[in-house]
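In full-length UniProt numbering, the protein residues as written are 1 to 175.
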């Protein structure tokens, strides 16, 4: 999941821009539920394509990049190894996209937003511990990490599902 949701977010933005640029895509978006489903499917295909391109780019970058004197990837990896890395990186994106769609489908909120927010909030405990221990990060016990993750996810879902009914007065009736 090293690519994360970047290809999916990019594909969604591209599809939204295409509704402005292309009359055919704009008409498809106005076809109701069927048109929206087709556009969603196109966004999924575009996500896979962008994931493949980004994974290829990362693979090439990491072949020529070193960190603290250590090469991240050997410079002479075979085509099969490169292809395997690309497939694994793209597969991670597809899996996380699927998780996001499942979260949305089951009515827990916007799945992609929840995943992004969870990722951001999951970094907070480590950052706080690192800061309080003089920048020497310590790992949390697995149980503590799981509890924090569940509490954060529940909090995100609670906030996203929160609604407030506001009475609106009009000249005809009160809603």
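The beta-carbon is built from N, C-alpha and C at its ideal position, and this holds for glycine as well.
For residue i, the nearest candidate out of the options (CA to CA)
| i | options | result |
| --- | --- | --- |
| residue 54 | 105, 123, 118, 86 | 86 |
| residue 51 | 168, 24, 95, 151 | 95 |
| residue 2 | 166, 127, 97 | 97 |
| residue 157 | 88, 103, 9, 44 | 103 |
| residue 146 | 37, 122, 26 | 122 |
| residue 49 | 105, 8, 168 | 8 |
| residue 5 | 25, 113, 166, 31 | 113 |
| residue 75 | 67, 63, 69 | 63 |
Cβ distance (whole Å) where residue i is taken to contact residue j below 8 Å
| i | j | result |
| --- | --- | --- |
| residue 100 | residue 115 | 5 Å |
| residue 109 | residue 161 | 6 Å |
| residue 43 | residue 12 | 6 Å |
Helix, strand or coil at residue i according to DSSP, with G and I counted as helix
| i | result |
| --- | --- |
| residue 22 | coil |
| residue 158 | helix |
| residue 66 | strand |
| residue 29 | helix |
| residue 76 | coil |
| residue 46 | helix |
| residue 106 | coil |
| residue 83 | helix |
| residue 39 | helix |
| residue 121 | helix |
| residue 146 | helix |
| residue 4 | coil |
| residue 136 | Here residue 136 scores only 46 on pLDDT, less than 50, and its place in the model should not be relied on; the value that follows carries that caveat. Here residue 136 sits in coil by DSSP. |
One or two residues paired with residue i in a DSSP bridge
| i | result |
| --- | --- |
| residue 130 | BP columns for residue 130 are empty, so no partner. |
| residue 113 | Partner(s): none; residue 113 has no beta bridge. |
| residue 71 | 66 |
Beta-carbon gap between residue i and residue j smaller than 8 Å
| i | j | result |
| --- | --- | --- |
| residue 159 | residue 118 | no |
| residue 72 | residue 79 | no |
| residue 15 | residue 46 | yes |
| residue 125 | residue 150 | no |
| residue 40 | residue 29 | no |
| residue 23 | residue 59 | no |
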